[in-house]
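Numbered by full-length UniProt numbering, the letters in the sequence shown go through residues 1 to 83 in order. Beta carbons: idealized from backbone N, C-alpha and C, even for Gly. I have placed the structure first, in the form of structure tokens, so that the comments after it can refer back to it.
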Amino acid sequence: MSRLCDEAPSLAKRHEQWMYQYGRTYASDAEKEKRFKIFKDNVNFIEQFNKGGKRTYKLNINKFADFTNEEVLDNYTGVEEFY
Numbered sequence: 001m002s003r004l005c006d007e008a009p010s011l012a013k014r015h016e017q018w019m020y021q022y023g024r025t026y027a028s029d030a031e032k033e034k035r036f037k038i039f040k041d042n043v044n045f046i047e048q049f050n051k052g053g054k055r056t057y058k059l060n061i062n063k064f065a066d067f068t069n070e071e072v073l074d075n076y077t078g079v080e081e082f083y
């Protein structure tokens with residue numbers, strides 16, 4: 001079995017565990033699928049960032065792991081875009 005095939009179930013399991021840890025539920029399968037893709041992208045970013053080894057800190061998964069950067073900025077920072 002290829003590594004890619006092994007990774008997908010592993011990420012799906014991590015997503016399920018993360019959902020349980022943070023009490024996250026979704027209104028539909030479509031929403032869950034959308035959020036899983038965002039979660040997967042964020043996990044990949046975190047893992048690549050941490051592999052770089054050029055920083056004195058590491059990133060980790062948190063309660064925002066299924067949000068896009070834009071959603072975090074819009075909903076949690078009070079930062080407004082300037083046009």
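Please determine, among Tyr76, Thr77, Glu16 and Leu73, the residue with the shortest C-alpha to C-alpha distance to Arg35.
Glu16
For Asp41, the first and last residue of its enclosing alpha helix (DSSP H)
Asp29 to Gly52
Use the C-beta contact count for Asp66: other C-beta atoms within 10 angstroms, 16 or more gives buried, fewer gives exposed.
buried
Backbone CA spacing between Ser10 and Ile38 [nearest angstrom]
15 Å
Close Cβ partners of Tyr26 (< 8 Å) along its chain, the five nearest in sequence each way excluded
Non-local C-beta neighbours of Tyr26 in its own chain, meaning closer than 8 Å and more than five positions away in sequence, comprise Lys32 and Arg35, ordered along the chain.
Can you tell me whether Asn42 is buried or exposed, with buried defined as 16 or more other CB within 10 angstroms of its CB?
buried
Start-to-end residues for the alpha helix (DSSP H) that takes in Asn69
Asn69 to Val72
Does DSSP put Thr25 in a helix, a strand or coil?
Coil at Thr25, not helix or strand.
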